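Novice: Numbering (our numbering), first residue to last: 32 to 329.
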Amino acid sequence: MNEFYKGLGLRFGLLYSENLVMKYLALIIFLPFVAISQDYVDIDLSDILEEKKTTTIIDKTKGEAFKGLPEVIFLMDEDYPPYMYVDKEKKIRGLYPSMIKEISFRAGIKPKFEALRWDKAVEEAKKGNKGLIGVYKSKMRENFFEFSEPFYDEIMRIYVLKGKGFPYEQISDLRFKTIGWKKGFSYGSRMDKARKLNYFKVIEKKSLEELFDDLAAGKTNCLVIDEISALRVQLKHKSAQKAKHLELPLAEIPVYVVFSKHSKQKKMIEKVNKALLELQLEQGFSKMINSFIRDAIH
Numbered sequence: 032m033n034e035f036y037k038g039l040g041l042r043f044g045l046l047y048s049e050n051l052v053m054k055y056l057a058l059i060i061f062l063p064f065v066a067i068s069q070d071y072v073d074i075d076l077s078d079i080l081e082e083k084k085t086t087t088i089i090d091k092t093k094g095e096a097f098k099g100l101p102e103v104i105f106l107m108d109e110d111y112p113p114y115m116y117v118d119k120e121k122k123i124r125g126l127y128p129s130m131i132k133e134i135s136f137r138a139g140i141k142p143k144f145e146a147l148r149w150d151k152a153v154e155e156a157k158k159g160n161k162g163l164i165g166v167y168k169s170k171m172r173e174n175f176f177e178f179s180e181p182f183y184d185e186i187m188r189i190y191v192l193k194g195k196g197f198p199y200e201q202i203s204d205l206r207f208k209t210i211g212w213k214k215g216f217s218y219g220s221r222m223d224k225a226r227k228l229n230y231f232k233v234i235e236k237k238s239l240e241e242l243f244d245d246l247a248a249g250k251t252n253c254l255v256i257d258e259i260s261a262l263r264v265q266l267k268h269k270s271a272q273k274a275k276h277l278e279l280p281l282a283e284i285p286v287y288v289v290f291s292k293h294s295k296q297k298k299m300i301e302k303v304n305k306a307l308l309e310l311q312l313e314q315g316f317s318k319m320i321n322s323f324i325r326d327a328i329h
């Protein structure tokens, strides 16, 4: 059993931690079934919510960690909570910026984040020396970008209205469907290719709330999004509470840091990869994963 926990821990970019993995496993198993239940508030998650926060090397230095280091700008999505977003106070938030801060410290650079609508962030990253975080790999994007090693995996799900599901085992089962798709997103090479071949119809929206609204209104047959982001929306948005995901995931999609090939930043990618490996070996992402879980269920 310990080997199972170890493998699951590494799946999230962590070294083996049975306590953390058990918490995450419990969250993933139970919340999709109870997120829209009236009994949800009775679930005891106090061990996660009240867990004592550990201190990272960046916290210890209180902002001095990056003093004197060269600045590198990282573009990000302004509205993809809880992974990366701008809050009501215009502050950068999310799991991915937190991860990039830790990676940057190890890589000897000072990160500065610029948040844009995702499609604009992708186009901006193609032009110059700015990095882009939280990127899915596709053949089209490989023409423009140098990719780091993956630093996280998102589990992509197909969401349908309750009572209006359909059999799904492979992408061919989506033929002739109308799919809600977040504007500017890629869901992997196979989905991108199927879309290009008009295998299904796509309706794009800027926000997850709009995607669930379209689904509830019957404008789409389904939508594609990762399960943690969907859970967060379902806890707060009424139309999202009418939806459930199909049993089989669409995919587990790794996310990357990228730089434009025109910027000739291969050495920067190498630094990022080295820092990422160090953090994985030292279990350096544990605090951020725990904070991410707490944020996702609020």
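Here a beta-carbon is modelled for each residue, glycine too, at the ideal position from N, C-alpha and C. Computed from a predicted structure; not experimentally measured.
1) Looking only at its chain, what residues have a beta carbon closer than 6 Å to the beta carbon of residue 69, apart from the 5 residues adjacent to it on each side?
2) Helix, strand or coil for residue 181, going by three-state DSSP, please let me know.
3) Quick one: give me the first and last residue of the alpha helix (DSSP H) that residue 244 is part of.
4) Using the DSSP secondary-structure output, state which residues sit across from residue 212 in a beta bridge.
5) I'd like the ranges of any alpha helix (DSSP H) spanning at least 4 consecutive residues and lying wholly in the stretch 121 to 157.
6) Would you kindly check if the distance between the Cβ of residue 192 and the Cβ of residue 138 is under 7 Å?
7) Answer yes or no: the CB of residue 211 versus the heavy atoms of the ligand COA, is any distance below 6 Å?
8) Which value, in whole angstroms, describes the spacing of the CA atoms of residue 155 and residue 179?
9) Tell me which same chain residues have a C-beta within less than 7 Å of the C-beta of residue 268, skipping the five on either side of it?
10) By a C-beta neighbour count over all protein chains shown, 10 Å radius and 16 as the cutoff for buried, is residue 182 buried or exposed?
11) What does the Cβ neighbour count give for residue 197, buried or exposed, with the cut at 16 atoms within 10 Å?
12) Would you say the stretch 200 to 210 touches the stretch 310 to 317, given that touching needs at least three Cβ pairs under 8 Å?
13) What does a CB cutoff of less than 8 Å around residue 173 pick up in its chain, not counting 5 residues either side in sequence?
14) Closest by CA to residue 145, which one among 121, 225, 185, 113?
15) In chain order, what are the residue ranges of uninterrupted beta strand (DSSP E) at least 3 long that sit wholly in the stretch 247 to 317?
16) Taking only the alpha-carbon atoms, compute the straight-line gap between residue 291 and residue 194 and give it to the nearest angstrom.
17) Going by alpha carbons, who is nearest to residue 170 out of 295, 107, 297, 217?
18) If residue 109 sits next to residue 103, beta carbons under 8 Å apart, how far is it from one beta carbon to the other, in whole angstroms?
19) With DSSP run on the structure shown, which of helix, strand or coil describes residue 110?
20) Put residue 176 into one of helix, strand or coil per three-state DSSP.
21) For residue 119, is the classification buried or exposed, using 16 other Cβ atoms within 10 angstroms of its Cβ as the cut-off for buried?
22) Can you say whether residue 177 is buried or exposed, counting buried as having 16 or more other CB atoms within 10 angstroms of its CB?
23) Residue 147 to residue 141, Cα distance in whole Å?
24) In chain order, what residues of the same chain have a beta carbon less than 6 Å from the beta carbon of residue 107, not counting five sequence neighbours either side?
25) How about residue 235 and residue 214: are their beta carbons less than 7 Å apart?
26) DSSP three-state label for residue 226, please.
27) Using a Cβ-Cβ cutoff of less than 8 Å, which residues in the same chain neighbour residue 162 once the five nearest sequence positions on both sides are dropped?
28) Rounded to whole angstroms, what's the CA-CA distance from residue 304 to residue 248? Just pull it up for me.
29) How big is the Cα-Cα spacing for residue 134 and residue 207?
Specialist: To lay it out plainly:
1) Counting from one through the sequence shown, the residue named residue 69 turns up at place 38. Legend: pLDDT at residue 69 = 28, less than 50; position of this residue unreliable, value from coordinates given subsequently. Within the same chain, residue 69 has no close Cβ partners at all.
2) As a working note, residue 181 is residue 150 in the sequence shown. In this structure, residue 181 counts as coil in the three-state DSSP scheme.
3) Position 213 of the sequence shown holds residue 244. From DSSP, the alpha helix (DSSP H) with residue 244 extends over 239 to 247.
4) Taking the sequence shown and counting its residues from 1, one reaches residue 212 at position 181. Partner(s): 235.
5) 126 to 138
6) Indexing the sequence shown from 1 puts residue 138 at position 107. Indexing the sequence shown from 1 puts residue 192 at position 161. For residue 138 and residue 192, no; Cβs fall outside 7 Å.
7) No copy of the ligand COA appears in this structure; indeed no ligand is present at all.
8) The sequence position of residue 155 within the sequence shown is 124, counting from 1. The sequence position of residue 179 within the sequence shown is 148, counting from 1. Rounded to whole angstroms, residue 155 to residue 179 spans 18 Å at the Cα level.
9) As a working note, residue 268 is residue 237 in the sequence shown. So the list reads 240, 243, once near-sequence residues are dropped.
10) Within the sequence shown, the letter at position 151 stands for residue 182. Classification of residue 182: buried, given that the 10 Å Cβ count is 16 or more.
11) Within the sequence shown, numbered from 1, the residue matching residue 197 stands at position 166. The residue in question, residue 197, is exposed, as its Cβ has fewer than 16 Cβ neighbours within 10 Å.
12) Contact fails: fewer than three Cβ-Cβ distances are below 8 Å.
13) Numbered from its first residue, the sequence shown carries residue 173 at position 142. Same-chain partners within the cutoff: there are none.
14) By one-based count along the sequence shown, residue 145 stands at place 114. Measuring from the Cα of residue 145, the nearest candidate turns out to be 121.
15) 253 to 257, 274 to 276, 282 to 291
16) Counting from one through the sequence shown, the residue named residue 291 turns up at place 260. Counting from one through the sequence shown, the residue named residue 194 turns up at place 163. Their Cα atoms are separated by approximately 44 Å.
17) Reading the sequence shown from its first residue, position 139 is the one you call residue 170. Nearest C-alpha to residue 170: 217.
18) The count along the sequence shown starts at 1 and reaches residue 109 at position 78. The count along the sequence shown starts at 1 and reaches residue 103 at position 72. The pair is not a contact, with the Cβ atoms about 19 Å apart (cut-off 8 Å).
19) Position 79 of the sequence shown, counted from the first residue, corresponds to residue 110. For residue 110, the secondary structure class from DSSP, reduced to helix, strand or coil, is strand.
20) What you label residue 176 is simply residue 145 of the sequence shown in a count that begins at 1. Of the three classes helix, strand and coil, the one that applies to residue 176 here is strand, per DSSP.
21) Reading the sequence shown from its first residue, position 88 is the one you call residue 119. Under the 10 Å beta carbon count, residue 119 is surrounded by fewer than 16 other beta carbons and is classified as exposed.
22) Counted from its first residue, the sequence shown places residue 177 at position 146. Classification of residue 177: buried, given that the 10 Å Cβ count is 16 or more.
23) Taking the sequence shown and counting its residues from 1, the one referred to as residue 147 is at position 116. Taking the sequence shown and counting its residues from 1, the one referred to as residue 141 is at position 110. Residue 147 and residue 141: Cα-Cα distance of roughly 20 Å.
24) Here residue 107 is taken as the residue at index 76 of the sequence shown, counted from 1. Contacts found: 115, 144, 146, 164.
25) Taking the sequence shown and counting its residues from 1, the one referred to as residue 235 is at position 204. Taking the sequence shown and counting its residues from 1, the one referred to as residue 214 is at position 183. Contact: yes.
26) The count along the sequence shown starts at 1 and reaches residue 226 at position 195. Helix.
27) As a working mapping, residue 162 is identified with position 131 in the sequence shown. The residues are 103, 104, 105, 106, 156, 288, 289, 290, 296, 299.
28) As a working mapping, residue 304 is identified with position 273 in the sequence shown. As a working mapping, residue 248 is identified with position 217 in the sequence shown. Distance between the alpha carbons of residue 304 and residue 248 is about 44 Å.
29) Looking up residue 134 in the sequence shown gives position 103. Looking up residue 207 in the sequence shown gives position 176. The alpha-carbon separation between residue 134 and residue 207 amounts to approximately 43 Å.
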